[in-house]
Structures are given as structure tokens and as C-alpha cells.
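*Asks:*
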Amino acid sequence: MADKSRDKEELKRGIRRMWHRCPLLMGTICIFTVAGIMGAAKTALTTPVPVGKYLADHLTSPCWSDLTAMAEEVPEPDAVSADASASVKPSKQEKDTTGEVSGEKNTGTAKKTVSADSSTALAAGVASSDADIAGEGDSAGQIIGVTKFVSYTPVKVSSRYYKDAGKTALTTEYPYSEVKADYFSDALFIGDSRTLGLHDYSGWKDKADFFCDNGFSAYQWVKDGKAVNQKTGKTVDLQSAISGKKYGKIYLMVGMNDLGYGTTDLYVSDMKKMLAMLEKAQPQAIIYLMGNLHMAASKSDMKGVYNNISLNAKNVAMASLADGTRIFYLDVNPLFTDKNGYLKDELTFDGFHLYAQGYQEWADYIRKHGIVR
Amino acid sequence: MLFSSLIFIFRFLIIFMLIYFLTPERYRNIVLFAGSIVFYAAGEPRFVFIMLGSVCLNYVFYLLIRKSGAGSRKLFLILMLLFNFALLFVFKYWDFAAETLTTIFGHPLMPVLKLVLPLGISFYTFQIVSLQADSYMALQNGQETRQISFLTFATYIIMFPQLVAGPILKYDEVASEMEHRICSAEKAEDGFKLFIFGLALKVLLANKIGTLWSTICMAGMDALSAPMAWLGAFAYSFQIYFDFWGYSLMAMGLGEMLGFYFPENFHDPYLARTMTGFWRRWHITLGRWFREYVYIPMGGSRCSRERTFRNILIVWALTGLWHGASWNFVLWGLTFFVLISLEKAFYGKYLEKNAVLGHLYMILLIPVTWVIFAITDFTDLLSYLRCMIGMPPAGVLTGADQLFRYLRQYGLLLGFCVLFSTAIPMMLYQKYRKHWWMLLTLFAAFVFSVYEIANGSSNPFLYFRF
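So the sequence lines, in the order shown, correspond to chains G and V. With the numbering used here, you'll find the first sequence wraps up at 668, consecutive numbering, no jumps. With the numbering used here, you'll find the second sequence wraps up at 641, consecutive numbering, no jumps.
#1: Answer yes or no: do phenylalanine 623(G) and leucine 584(G) have a C-beta to C-beta separation smaller than 8 Å?
#2: Taking 8 Å as the threshold (beta carbon to beta carbon), is threonine 415(G) in contact with chain V?
#3: Would you mind working out which of Gly555(G), Lys500(G), His494(G) sits nearest proline 454(G), comparing C-alpha positions?
#4: Listing by chain order, which chain V residues have their CB less than 7 Å from the CB of tyrosine 496(G)?
#5: Could you work out which residue in Gly385(V), Gly499(V), Arg356(V) is closest to leucine 433(V) when comparing CA atoms only?
#6: Counting contacts by CB-CB distance shorter than 8 Å, is cysteine 325(G) in contact with chain V?
#7: Along the chain, which unbroken stretches of the beta strand (DSSP E) at least 3 residues long are found entirely within the stretch 364-421 of chain V?
#8: For a cutoff of 8 Å on Cβ pairs, would you count phenylalanine 576(V) as touching chain G?
#9: So, at 7 Å on beta carbons, what are the nonlocal neighbours of tryptophan 405(V) in its own chain, with the 5 sequence-adjacent residues on each side left out?
#10: Does chain G have any CB closer than 8 Å to the CB of cysteine 478(V)?
#11: Return the Cβ separation of phenylalanine 214(V) and methionine 176(V) in integer angstroms, given the expectation that the two are a contact with Cβ distance under 8 Å.
#12: In chain order, what residues of the same chain lie with their CB nearer than 7 Å to the CB of threonine 278(V), ignoring the 5 residues before and after it?
#13: If contacts are defined as beta-carbon pairs under 8 Å, then glutamine 534(G) and alanine 576(G) qualify, I think. What distance do you get, rounded to the angstrom?
#14: Can you pull the chain G residues whose beta carbon is under 8 Å from the beta carbon of lysine 173(V), in chain order?
#15: With which residues is methionine 585(G) paired in a DSSP beta bridge?
#16: Excluding the five sequence neighbours on either side, which residues of its own chain have a C-beta within less than 6 Å of the C-beta of glutamate 653(G), listed in chain order?
#17: Hey, is arginine 316(G)'s beta-carbon within less than 8 Å of any beta-carbon in chain V?
#18: For tyrosine 546(G) and chain V, any beta-carbon pair shorter than 8 Å?
#19: To which residues of the same chain is serine 480(G) closer than 8 Å at the C-beta, ignoring the five residues directly before and after it?
#20: Do you know whose CA, among Thr573(V), Leu526(V), Tyr559(V), lies nearest alanine 651(G)'s CA?
#21: Does any residue of chain V have a CB that is nearer than 8 Å to the CB of histidine 648(G)?
#22: Does DSSP classify phenylalanine 236(V) as helix, strand or coil?
#23: Taking the alpha helix (DSSP H) that valine 349(V) belongs to, which residues open and close that run?
#24: Here's a check: name, in chain order, each residue in its chain whose Cβ is nearer than 7 Å to the Cβ of glycine 570(V), leaving out the five neighbours to either side.
#25: Identify the continuous alpha helix (DSSP H) that holds methionine 450(V) and give its terminal residues.
#26: Answer yes if the stretch 624-631 of chain G comes into contact with the stretch 462-474 of chain G, meaning at least three C-beta pairs across the two stretches below 8 Å, and no otherwise.
#27: With a 10 Å radius around its C-beta and 16 neighbouring C-beta atoms as the bar for buried, classify lysine 337(G) as buried or exposed.
#28: Can you tell me which residues form a DSSP beta bridge with serine 472(G)?
#29: Could you work out which residue in Arg201(V), Leu276(V), Glu518(V), Leu294(V) is closest to proline 286(V) when comparing CA atoms only?
#30: For a contact defined as C-beta to C-beta under 8 Å, what are the partners of glutamate 364(V) on chain G?
#31: What span of residues does the alpha helix (DSSP H) with alanine 591(G) cover, start to end?
#32: I want to see whether chain V comes within less than 8 Å of alanine 336(G), judged by CB atoms only; does it?
#33: Between glycine 373(V) and asparagine 440(V), how many whole angstroms is the CB-CB distance? I'm expecting something under 8 Å.
#34: With distances taken between CB atoms, is the gap from valine 549(G) to phenylalanine 505(G) smaller than 8 Å?
#35: Using 8 Å as the limit for Cβ to Cβ distance, is methionine 313(G) near chain V?
#36: I want to verify the contact list: residues of chain V whose CB lies under 7 Å from the CB of alanine 651(G), in sequence order.
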């Protein structure tokens with residue numbers, strides 16, 4: 296008995312001595328252990344799903360490893376990729392660019408699905424698309440834009456976050472006009488760091504309103520509704536910020552940063568929420584959805600979610616939201632990508648963003664695809 | 176594994192330290208050896224064998240050099256040097272040599288191998304050569320030295336705190352500790368504190384100011400305004416300093432936790448007044464290596480003026496080349512050769528005596544040298560340098576507007592960078608290391624750093640080419 300109490304005393308004295316000798320180490324270990332236990336307890340108590348399954352899903356989720364392994368918006372300099380890319384072999388993106396137009400197109404008013412037989416599809420597609428463009432319109436006599444897709448053989452993807460869409464969306468076909476800079480005095484731009492590039496180099500920063508910043512995503516916007524007003528540099532609630540002025544046109548490009556947040560379906564539902572907000576706040580505005588710029592080969596990683604197949608799936612989903620009357624789809628990827636769909640290496644420093652001159656070309660494209668009503 | 180990664184801090188380090196401290200002292204080298212293999216294999220499984228193979232073969236050379244007579248000793252030394260530098264050449268410089276020859280002769284003379292550089296090969300090769308050379312020179316001088324066992328030899332070379340990014344040790348510095356070292360709670364605490372200091376430098380300063388540099392590069396190097404180009408140069412100067420210094424401090428801290436005292440690698444280099452002074456404070460162990468094993472054996476400064484001149488030139492060219500297999504690194508090294516020679520010949524003394532002139536001189540030149548170091552492609556490098564002198568090749572596209580935005584975003588961080596370039600933080604740390612408010616600050620720094628790492632923010636590893 297006396298031994299036991301003496302041992303306890305020894306132990307207590309030993310611990311106190313440790314605290315005296317290495318307080319920081321002891322403190323850090325204690326606090327982190329307690330925090331870890333609390334976090335694990337919280338997870339166990341708040342998960343509706345059986346804990347085992349949840350943990351299994353959570354621990355093997357590629358999202359987590361992507362978040363810690365990849366910088367999402369402001370990428371590392373070539374340091375990391377040079378080390379890792381040697382072992383990553385990007386899969387070739389089959390893009391059938393011979394112009395075989397799939398039968399599936401999006402005209403907004405009525406979804407026309409043509410039969411799977413490629414030859415009839417091709418013929419039907421070509422024939423009816425001519426008819427659409429040539430002026431068959433709705434009762435108001437307005438021309439409806441047609442968003443076409445080019446199909447290719449999809450690759451098998453093992454991710455649960457995206458599937459290969461098997462097709463690429465093209466800019467909505469419509470009789471666009473080439474507009475001048477004044478066109479953008481009632482324009483609103485919403486997006487991520489690429490839109491920030493447009494802000495910097497388009498020459499419209501004093502004319503249009505830009506709500507964009509590094510890292511902007513539909514997922515984040517759905518959660519907190521915030522965006523950065525580039526005129527003031529302040530983070531604001533987007534909905535209230537745009538409720539005052541009446542915009543004639545809204546350019547929206549979101550998605551690159553959504554890659555790390557979840558599935559394509561989640562992205563689509565987030566985009567729909569965003570579009571609903573925009574249509575309610577600005578019912579008169581034309582909405583231009585801009586296809587996310589592809590990434591360079593050095594950054595495309597087929598093992599995770601940061602690759603062009605995943606990005607293209609989002610772009611295709613985005614393009615399907617274009618109705619050709621109020622919502623249009625613009626895709627600048629053909630200007631900057633090679634035949635495999637990768638952003639050309641000589642146009643980018645980090646694989647995600649264009650050099651300044653690239654944004655000027657982008658702005659030119661937008662100017663040549665204006666809709667004047 | 177990066178030191179600044181969660182898997183290192185919260186998995187490897189904890190498990191390793193537990194095993195290490197529970198192991199009786201005479202088995203600790205085995206634990207350290209095994210742990211270092213796990214550490215290396217986690218990052219580069221294939222190259223563990225190259226590293227171990229190199230260690231084994233080098234040990235054979237070590238024994239041969241020790242056991243042989245004066246004549247064959249030199250032969251084995253030469254063979255050892257050939258082996259080690261051939262290995263380094265093949266992995267690091269082969270493609271560089273191939274491309275250079277192709278450029279000179281117009282057609283390929285060597286096949287391009289595109290080998291991936293084994294992590295840390297520059298560091299451990301130099302460390303092995305240093306040990307072998309020291310052993311050889313001791314024998315040549317007739318000194319008796321204890322034979323190092325294979326386990327000690329191997330552990331010394333591959334122990335994880337200094338394997339991947341230095342400091343490049345001399346065996347004498349840790350000889351007694353390799354055989355017998357004391358691990359205590361106080362040392363573990365001090366080591367942990369130093370580790371946190373280094374971690375915070377890397378994660379909270381280097382990584383963050385690095386994003387400013389990459390943001391500026393992303394805009395394109397041919398259309399920057401001069402202030403923007405200089406801002407980028409300063410950003411990179413801060414990034415590489417805090418990254419490398421932080422990593423060295425982390426290595427020192429880890430070493431201390433294990434019972435070793437590593438030499439310091441950086442001693443307020445940005446407080447130097449001349450380039451000569453700078454290189455006595457920057458990457459101290461590398462400068463020491465080149466001085467002891469290249470400069471002095473070639474004659475150092477104890478020979479004719481022409482020879483000294485030649486010796487200095489070779490050392491600087493090699494120093495530059497060591498940093499990377501590309502001509503911009505050689506240019507970088509030669510830039511220092513020119514500046515240091517000019518300082519020695521003309522104005523070095525005046526700069527040392529005059530603080531204002533000296534610091535101004537360094538503030539102007541250091542960023543320029545780092546730009547030469549940072550940009551590998553010559554066209555880009557030329558573009559950037561032209562931007563710095565106000566003659567951007569494509570006119571100014573990235574200028575005042577972005578400048579004010581970046582200054583607003585990064586102003587506070589730049590202030591901290593300047594502060595940590597002075598001797599003040601380290602002085603405060605050393606003096607008040609045990610005070611409660613310092614402990615609190617360090618804890619907060621640790622938590623903040625872990626938070627930043629967990630957030631997946633930019634965490635580049637600048638030493639992949641070493």
C-alpha cells in the first residue's frame with residue numbers, strides 16, 4: 296500500500312518536473328491531444344451515418360488529399376510540379392476535332408434529342424441546326440442561340456467526383472456583334488482569379504463592375520454569399536452589392552475552384568442557385584456563362600480532381616444551362632489550348648493563368664461576341 | 176516528406192520521437208538510421224536504394240583509404256571522388272551537359288536521359304566527400320583517428336534532419352555525439368522551440384511572400400513596370416531566405432531534439448554590407464565546404480595572383496553550378512565572382528566602414544542576383560531585367576494599379592519580412608526563450624502554421640533540384 300502511494304507521488308513529481316523542464320512541449324502535446332479527442336468526439340456524435348463508414352469515406356476521400364497537396368488558386372511555382380510531374384503521366388484527352396457534331400444540342404425552348412445513330416444524328420444535327428440559326432425563333436421573333444457539343448470517346452474515370460462527359464461544349468451559336476468598349480459600361484463580371492486577370496488587362500476596369508478574387512467558387516458563394524468588389528477591394532455580400540444598379544449584361548465564370556469541393560452535380564446545383572439569384576436581381580440582363588479555361592499539362596493530374604476531364608465536365612454542365620435567349624455560353628479554350636485540350640505552355644507561367652497579353656486576347660473575343668438587342 | 180507538412184509533424188515525428196526516447200542509448204543510432212530510411216522512402220521510394228548503395232560503397236572506400244599505404248591511399252581517394260561525382264553528374268547534370276553540347280555542335284552527342292533527381296543527392300554527396308576527405312587528410316598528416324563503424328557512418332550521412340536540405344556537416348562537429356549523446360527534456364524543448372521558429376519562417380513568411388512573387392510572374396515577365404519588377408525581386412529575395420533559413424532552423428531544432436548540435440547555416444545575411452560578408456553569412460556550411468575542399472586544396476590565396484584569381488573563379492562557378500543544372504546558375508555564381516573580386520580590389524573596405532552605403536549597395540544588388548537565380552530561361556531573365564531598369568520589352572501592362580493592390584495586400588507581410596531580416600527576432604528569441612510570453616508566442620506561431628498547412632495553402636519545396 297505504501298509502495299503504491301509512493302509510486303503515485305513519484306509519478307506526480309515526475310510529471311511536474313517535466314512541466315518545469317519542457318513546458319512548451321508538454322503544453323503543445325496536451326492541448327493538441329485534447330483538441331484531437333474533442334474533434335473526434337464531435338465527429339462521432341454528429342454523424343448521422345454509421346461512424347465507421349463515415350470515417351472510411353472521409354479518410355479515403357481524395358478531396359482531403361487534394362486540398363493538402365494542391366494549392367487551388369495561387370499555385371506553387373514550378374518547384375513542386377517539376378518534382379512530381381515526372382511520375383504523373385497525364386492521359387491524352389481524346390478530342391475528335393473533325394467536327395462530328397453530336398446529335399444532342401441545347402436550344403432552350405425544347406430539348407431535341409436525336410437518335411444515337413451517328414450518321415443520322417450528324418445529318419439531323421446539321422440540318423436542324425441550320426434551321427435554328429436561320430431564324431426559326433420563338434413567338435417574339437427572337438433568334439435562339441444553339442449550344443452545340445463535340446463528342447469524343449470518353450475515358451474511364453474512377454473518381455466519384457466526376458465522370459468524363461464525353462463531349463466538349465462550343466460557344467453558343469448566335470449572330471453576335473462586335474462591340475466597343477462602351478458596351479461594357481453596364482456590364483457585371485463575376486468570377487475567380489481569371490476574371491481578375493480580365494479586370495487587370497481588358498481595359499474595362501473603370502467601366503464595368505468586377506466582383507472577383509482568387510479562390511472564388513460557386514460552392515463558397517452558396518455558403519457565405521460573399522465576393523470581392525475590385526473597385527473598392529472590399530469583400531461584400533454579392534446579392535446586395537448588385538441590387539442597386541441595373542446591368543445590361545453579366546459575365547459569369549466560376550468552376551475552377553469548385554473542382555476541389557465536390558461532384559459535378561453539386562457544382563450544377565450551386566450554379567443554378569447563382570443564376571437564380573442573378574435572374575431575380577437583374578431580370579433584364581443577358582447572362583454570358585464563360586467556360587473555365589483549361590489547365591496546362593503540367594498541372595493536370597488524373598489521379599485527383601484537378602484535371603481537364605473534370606473541368607470539362609463542369610464546363611459541359613455549365614453550357615447545358617445556356618438557353619440561347621437570356622443565357623449564352625462563351626468558350627475561349629480553343630484560342631489557348633493545344634490539340635489535346637491542354638493550356639499551351641508558352642501562354643502561362645503557372646499552368647492556370649494566362650500572361651497579360653492572353654487576357655487582352657480574351658477580352659477581344661468577348662468584344663467580338665456581344666449581343667445587342 | 177516535407178518538414179512543413181502535417182504528415183511529418185503529426186505522424187512521423189511523434190512516432191519516431193516516441194520510439195527514439197524509449198530506446199536505450201546504445202540502440203538509438205539504429206533507430207535513427209531506420210527512421211531516416213522511412214523518412215526518405217516516404218518521399219522517394221525508388222531512390223532509397225541509390226542512397227544506400229552510395230553509402231555502402233563509400234564505406235568500402237573509407238576502409239580502403241584507412242587501411243592502405245600512402246601510395247594506394249591517393250588512388251582510392253581519387254576513385255572515391257570519381258564515383259561520387261559521377262553519380263551526381265549522371266543524375267543532376269547529364270541532361271544539362273547533353274543540351275549544352277547539342278547547342279554548341281548543332282546535333283546531339285549524348286542521349287537525353289531525363290532522369291529524376293534523387294532528393295538530397297547534392298547534400299549527402301557533399302557530406303560523404305567531406306568525411307572521406309577529412310579522414311584522408313588526417314591520415315596524410317599522420318593523425319590517429321578512431322575507425323567509424325558502418326552503422327555510425329551510415330547514420331551520420333542519412334540522418335533525416337539534415338539529409339534533404341543540409342546543413343552540410345563536418346564529421347568532427349558531431350563525432351562525439353554520434354557515439355554518445357545526451358537527450359534530455361530541456362534539449363527536446365529547445366529543439367522544439369527552434370523547430371517552431373523555423374516552421375513559422377517557412378509557412379508564415381516564405382510561403383506567403385512567395386505567392387506575391389508567383390503572382391507577378393504569372394502576369395508575364397515582359398510587361399512589368401519597374402516598381403512591379405523590383406517588388407517581385409524583393410518578394411523572391413524574402414521567400415528564398417526565409418524558406419532556406421527556416422528549413423535550416425527546423426533541421427537544427429530536430430537535431431537538438433535528437434541530441435545533436437548542428438552548426439548554424441545562416442547568420443543575418445541581409446545585414447551584410449558587402450557580397451563578401453554576405454557569403455560568410457549565407458549557407459555557411461556550403462561556403463565552408465567549397466573553401467575547405469576546393470579552394471584550399473587548389474592553393475587558396477597562398478599562391479600567385481593569377482592562381483588565386485583562377486581559384487576564386489572556379490569556386491564561384493562551381494558554387495553556382497551546384498545550385499542547379501542550368502546556365503543561369505553559373506551566371507549567378509560568376510556574378511558573385513565579379514562583385515567579390517571588385518570588392519577585394521577596390522571598394523570593399525569603404526562599404527564595410529560605411530553602414531548606409533553598404534546596406535544601400537546590398538539592397539540594390541541582392542534582389543538582382545536573386546532574379547538571375549530564380550529565372551532559368553534566358554529570354555525570360557533578360558525580359559525581367561529589362562523591366563527592372565524600366566525598359567519592358569512589351570511595354571507596361573502590369574503597373575501602377577496592380578502595384579497598389581499588391582502593396583495593400585502584402586504590405587504588412589513585407590513589413591514582417593523586413594523585421595525578420597534584422598537580428599532582432601532571433602536576439603529576442605535567444606534572450607527570452609524561457610519566458611512565458613515567448614512560449615505563448617511560439618505556441619501561437621505553431622498553431623497558426625499548422626492551420627495554414629492544413630488549409631492547403633501554397634507550400635512549395637524549393638530544393639527539388641538539390
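Virtual Cβ for every residue (Gly too), placed ideally from N, Cα, C.
*Replies:* Walking through what the data contain:
#1: Locating residue 623(G) in the first sequence gives position 328, counting from the first residue. Locating residue 584(G) in the first sequence gives position 289, counting from the first residue. Cβ distance < 8 Å, so phenylalanine 623(G) and leucine 584(G) count as in contact.
#2: Within the first sequence, residue 415(G) is the residue found at index 120, counting from 1. The pLDDT assigned to threonine 415(G) is 33, lower than 50, so where the model puts this residue is not dependable; a value taken from the coordinates is nonetheless given after this. Closer than 8 Å: no.
#3: The count along the first sequence starts at 1 and reaches residue 454(G) at position 159. Correcting the residue identity first, residue 454(G) is serine in this sequence and not proline. For serine 454(G), the nearest C-alpha among the options comes from Gly555(G).
#4: Here residue 496(G) refers to the residue found at position 201 of the first sequence. Within chain V, the residues near tyrosine 496(G) are Leu572.
#5: Residue numbering aside, residue 433(V) sits at position 258 when the second sequence is read from its first letter. Minimum Cα distance to leucine 433(V) is reached at Arg356(V).
#6: Here residue 325(G) refers to the residue found at position 30 when the first sequence is read from its first residue. With 8 Å as the cut-off, cysteine 325(G) does not count as an interface residue toward chain V.
#7: none
#8: Here residue 576(V) refers to the residue found at position 401 of the second sequence. Note that residue 576(V) is aspartate in the sequence shown here, rather than phenylalanine. It does; some Cβ of chain G falls within 8 Å.
#9: Position 230 of the second sequence, counted from the first residue, corresponds to residue 405(V). The residues are Pro542, Met563.
#10: Numbered from 1 along the second sequence, position 303 holds the residue referred to as residue 478(V). No, no contact with chain G.
#11: Taking the first residue of the second sequence as position 1, residue 214(V) is located at position 39. Taking the first residue of the second sequence as position 1, residue 176(V) is located at position 1. Between methionine 176(V) and phenylalanine 214(V) the Cβ distance is about 6 Å, and since that is below 8 Å, they are a contact.
#12: Numbered from 1 along the second sequence, position 103 holds the residue referred to as residue 278(V). So the list is empty, once near-sequence residues are dropped.
#13: Taking the first sequence and counting its residues from 1, one reaches residue 534(G) at position 239. Taking the first sequence and counting its residues from 1, one reaches residue 576(G) at position 281. With 8 Å as the limit, glutamine 534(G) and alanine 576(G) qualify as a contact, their Cβ atoms being about 6 Å apart.
#14: Residue 173(V) cannot be examined here, being either before or after the span of chain V that is shown, 176 to 641.
#15: Counting from one through the first sequence, the residue named residue 585(G) turns up at place 290. Answer is Leu625(G), bridged to methionine 585(G).
#16: Numbered from 1 along the first sequence, position 358 holds the residue referred to as residue 653(G). The sequence shown places glycine at residue 653(G), rather than the glutamate named in the question. Here the set comprises Leu642.
#17: Translated into the one-based positions of the first sequence, residue 316(G) becomes position 21. So, interface residue.
#18: Translated into positions along the first sequence, residue 546(G) becomes position 251. It does not; no Cβ of chain V falls within 8 Å.
#19: On the first sequence, position 185 is the one that residue 480(G) refers to. Excluding sequence neighbours, serine 480(G) sits near Lys502, Ala503.
#20: In the first sequence, the residue the question calls residue 651(G) occupies position 356. For the residues Thr573(V), Leu526(V), Tyr559(V), the minimum Cα distance to alanine 651(G) belongs to Thr573(V).
#21: Within the first sequence, the letter at position 353 stands for residue 648(G). Yes, contact with chain V.
#22: Sequence index remark: in the second sequence, residue 236(V) carries index 61 (1-based). Phenylalanine 236(V) falls in the helix class under three-state DSSP.
#23: Translated into the one-based positions of the second sequence, residue 349(V) becomes position 174. Looking at the DSSP string, the run of the alpha helix (DSSP H) that includes valine 349(V) is 346-354.
#24: As a working mapping, residue 570(V) is identified with position 395 in the second sequence. So the list reads Ala398, once near-sequence residues are dropped.
#25: Start at 1 with the first residue of the second sequence, and residue 450(V) comes out as number 275. Counting along the chain, the alpha helix (DSSP H) containing methionine 450(V) begins and ends at 450-456.
#26: yes
#27: Counting from one through the first sequence, the residue named residue 337(G) turns up at place 42. Exposed is the call here.
#28: Here the question's residue 472(G) lines up with position 177 in the first sequence. Answer is Gly665(G).
#29: If you number the second sequence from 1, residue 286(V) lands on position 111. Among Arg201(V), Leu276(V), Glu518(V), Leu294(V), the Cα nearest to that of proline 286(V) belongs to Leu276(V).
#30: Translated into the one-based positions of the second sequence, residue 364(V) becomes position 189. Residues of chain G passing the Cβ test: Arg316, Cys317, Pro318, Leu319, Leu320.
#31: Working through the first sequence from its first residue, we reach residue 591(G) at position 296. Here alanine 591(G) belongs to no alpha helix (DSSP H), and DSSP marks it neither H nor E.
#32: Mapped onto the first sequence, residue 336(G) falls at position 41. Judged by the 8 Å Cβ criterion, alanine 336(G) is not in contact with chain V.
#33: As a working mapping, residue 373(V) is identified with position 198 in the second sequence. As a working mapping, residue 440(V) is identified with position 265 in the second sequence. Not confirmed; about 11 Å, so no contact.
#34: To locate residue 549(G), count along the first sequence from 1; it is residue 254. To locate residue 505(G), count along the first sequence from 1; it is residue 210. No.
#35: As a working mapping, residue 313(G) is identified with position 18 in the first sequence. For methionine 313(G), the answer is yes, since a Cβ of chain V falls inside 8 Å of its Cβ.
#36: On the first sequence, position 356 is the one that residue 651(G) refers to. Near alanine 651(G) (Cβ distances below 7 Å), the residues of chain V are Ala394, Gly395, Ala398, Leu572, Thr573.
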